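Its first residue numbered 48, the sequence shown is counted upward by one per residue in our numbering.
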Amino acid sequence: MTLQVFTAVTGAGWESELVGALDRDDHGVTVVRRCVDVSDLLAAAATGTGQAALLSAELRRLDGDAVARLHAAGVAVVGLVEPGDEPTGLRLRQLGVAHVLPADADPEVIARALRDAVAGVPAAGHDVADPRAALPLPGTPVQPEPPTGGRGRVVAVWGPTGAPGRTTVAVGLADEAARLGTSSLLVDADVYGGVVAQVLGLLDESPGLAGAARQAGTGVLDGPSLVALTWAVRPQLQVLTGPARADRWPELRPGAVGTVLEEARRVAELTVVDCAFSVEDDEELSFDTAAPRRNGATLAVLEHADTVLCVSGADPVALQRCVRALDQLRDVLPGVEPELVVNQLRRGPVPGDPRREIGNALERFTGRRPRWFLPADRRAIDAALAAGRTLAEVAPGSALRTELRTLAAELAGAGVPAAGRRGPWRSRRAG
Ligand SMILES: Nc1ncnc2c1ncn2[C@@H]1O[C@H](COP(=O)(O)OP(=O)(O)OP(=O)(O)O)[C@@H](O)[C@H]1O
Ligand SMILES: [Mg+2]
C-alpha cells in the first residue's frame with residue numbers, strides 16, 4: 048500500500064516539481080493533500096487520511112507545538128531545507144522534526160525518509176487519552192542529531208503525592224553537587240506549582256523554564272540563551288525557576304521541555320529537575336488530541352532523565368503512596384527504572400529499625416531496595432527555610448546535609464567526601 052502524504056512546502060520554488068516527481072514515479076508515496084499553511088496541515092492531519100507530512104522550514108507559524116500535534120495525530124514529519132542551510136536544519140530538529148533533508152534530495156531519498164519516519168510510528172498511535180501521546184514517538188530520537196555535544200547528566204527528582212520531599216532533595220542535590228565542583232543546573236518543572244525560587248530566597252520575576260520552553264518551541268534556544276534565563280546562585284550553581292503560577296502549566300509543552308533538557312546537558316555537568324508527582328492521564332481532555340496535557344511535561348522529564356529518583360516519605364501512608372506511584376509509572380513509562388530515596392526517616396511511625404523495615408517493605412512491594420535514606424531533620428530544614436538558604440549554608444554539620452552530600456557525590460560521579468561517611472544515618476547502598 049502506498050504511503051499517504053500531506054505536503055506543506057509553500058514558499059519554495061521547487062514544490063510543484065517535487066510533488067510531481069513523488070507522485071509520478073513509483074516511490075510508494077501518494078500526495079493526498081497539498082496544504083497551504085500550518086492550520087491547513089493540522090486540519091488535514093486530524094482527518095486521519097495521511098501517515099506523513101513533508102514540510103519546509105519556511106512554513107509560517109511552524110513551531111514545536113505544531114510538530115507535537117502532528118505526532119499526536121499519528122502523522123510522521125519530514126522536513127526540507129534549502130541545500131546547505133544547516134542553521135535552519137538545526138532549528139527544524141529542535142522543533143522535533145527528526146528527519147531533515149535538503150530540498151534537492153532525490154525523490155527516492157525523500158520517499159525513503161517518509162517511510163522511515165512512519166516506521167517509527169506505532170500502528171495505532173498512542174491512545175488519545177494516553178499522556179504518552181505528548182511525548183516524542185518511539186523511533187523518534189528524543190534529541191535528533193545534530194546538535195550533539197551535550198554531555199551533562201540529567202537527574203529527575205520525582206515521587207508520589209503527599210510532599211515526600213522532592214524539592215528538598217532536588218535543591219540539596221544540586222547545591223551539594225555544585226559544592227563538590229560539578230557545574231549544576233537546578234530546574235523547577237513542577238507543573239502543580241514550583242517553589243524552588245522561594246526556597247532559595249530568589250525574587251523570581253524571571254521567565255525561567257517557561258521562557259526557555261517558549262524559545263525551544265520556536266527553535267531558537269541555544270546554550271547562551273538558556274544561561275541568560277537562569278539565576279546564578281553561585282558560579283557552579285544555576286537555577287531555572289518554575290512557572291510563577293501553577294495555572295501557567297500550559298506554557299510547559301512536553302516537546303519543548305525535552306529540548307530545554309537536552310540544551311541543559313551542554314551548559315551544566317549535572318541538571319537536577321524538581322518534578323511534579325502526577326503521571327496520570329488528563330482524562331477530561333482526552334477527547335481532544337491537540338489539548339495540552341498537564342502531566343506531559345513531567346513525563347517528558349522522566350523520559351529524558353538519565354536517572355530518576357523516586358522520593359518517598361518514611362511512614363506507612365507515604366510508603367503506600369510510593370508503591371502506588373511506582374505502579375502507575377511502570378504502566379505509563381515501563382522503560383523508566385527509578386532509584387528510591389527514603390526521606391524523613393525517623394523512629395516512630397514504623398516499628399523496629401525503620402531503615403530495615405522500610406527497606407524490606409519497599410523491596411517486597413516494588414521489587415527494589417531504597418538506595419539512599421535521608422533523616423528527618425526539622426531543625427536544619429527550618430533554619431534553611433527561614434533564611435532562604437541551603438542546608439550547606441545554615442546547617443553544614445546536620446545529618447540531613449551530610450546524607451544529601453553523599454547522594455550528590457554518588458550521582459555527580461565525584462568521590463564521596465570523608466565527612467559524608469560519618470554519622471548515625473550513614474547512607475548505604477542496599478544491594
Ligand atoms: N528530611 C526532612 N526533614 C524534615 N523536614 C523535611 C525533610 N524533607 C522535607 N521536609 C519538609 O517537608 C515539607 C515537604 O517537603 P518538600 O517541599 O521538599 O516536598 P515536595 O515533595 O517537593 O512537596 P510538593 O508536593 O509540595 O512539591 C517541607 O516543609 C519540607 O521542609
Ligand atoms: Mg516540591
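Beta carbons: idealized from backbone N, C-alpha and C, even for Gly. Model, not experiment: these values are computed from the prediction.
Does the distance from the C-beta atom of residue i to that of residue j stay below 8 angstroms?
i, j, result
"L284", "L233", "yes"
"V85", "L50", "no"
"V242", "T214", "yes"
"D424", "S445", "yes"
"L127", "A100", "no"
"A160", "V125", "yes"
"R200", "D353", "yes"
"L409", "R416", "yes"
"T57", "V79", "no"
"L89", "A113", "yes"
"L346", "V379", "yes"
"F420", "A372", "no"
"T453", "V218", "no"
"V358", "V156", "no"
"L458", "P422", "no"
"L276", "G255", "yes"
"R368", "G209", "yes"
"A293", "S230", "no"
"A164", "H74", "no"
"A311", "L273", "yes"
"A456", "A442", "no"
"L317", "V202", "yes"
"A257", "P301", "no"
"T288", "A244", "yes"
"W61", "A150", "yes"
"A93", "A120", "yes"
Can you tell me where the beta strand (DSSP E) holding residue i begins and where it ends?
i, result
"Q390", "Before going further, note that residue 390 is Asn rather than Gln in the sequence given. Looking at the DSSP string, the run of the beta strand (DSSP E) that includes N390 is 386–392."
"D235", "231–236"
"G126", "123–128"
"T77", "76–81"
"V279", "Correcting the residue type first, residue 279 is Ala in the shown sequence and not Val. From DSSP, the beta strand (DSSP E) with A279 extends over 278–281."
"S103", "99–103"
"T38", "Outside the shown range of the chain, which is 48 to 478, sits residue 38, and nothing can be said about it."
"P149", "146–149"
"D70", "First-last for D70: 62–71, but that is the alpha helix (DSSP H), not the beta strand (DSSP E)."
"L250", "No beta strand (DSSP E) contains L250, which DSSP labels as neither H nor E."
Quick one, which of the options has its alpha-carbon nearest residue i's?
i, options, result
"P381", "R416, L50, R368, L349", "L349"
"V267", "T306, W278, R281, A456", "T306"
"A303", "A90, L88, Q262, D378", "Q262"
"P290", "R312, W61, A260, E316", "A260"
"P396", "A92, E129, R377, A365", "A365"
"E440", "E309, V52, V280", "V280"
"L451", "N407, L356, G414", "L356"
"E105", "V286, D400, E64, G136", "G136"
"G360", "P211, R71, A92", "P211"
"E252", "G270, A91, W278, S272", "W278"
"D527", "A221, R138, L102", "Summary: the structure shown does not reach residue 527, with the chain confined to residues 48 through 478, and so no result is reported for it."
What are the boundary residues of the alpha helix (DSSP H) that residue i is part of?
i, result
"Q262", "255–264"
"T413", "401–413"
"R226", "213–226"
"R448", "446–459"
"V307", "301–314"
"L421", "Segment 419–422 is the beta strand (DSSP E) holding L421; no alpha helix (DSSP H) there."
"A158", "154–166"
"T46", "A query on residue 46 cannot be resolved here, the shown segment of the chain reaching from 48 to 478 and no further."
"V441", "438–441"
"L117", "111–119"
Determine whether the Cβ of residue i lies closer than 8 angstroms to any Cβ atom of chain D.
i, result
"P211", "Although the question refers to chain D, the structure presented lacks it and comprises just one protein chain."
Any 3 or more C-beta pairs closer than 8 angstroms across the stretch 225–240 and the stretch 377–397: no
Counting Cβ pairs closer than 8 angstroms, one from the stretch 139–151 and one from the stretch 103–113, do we hit at least three? Contact holds between the stretch 139–151 and the stretch 103–113, because three or more Cβ pairs, one in each stretch, are under 8 angstroms apart.
Any beta strand (DSSP E) of 3 or more consecutive residues that is wholly inside the stretch 340–378: 354–359
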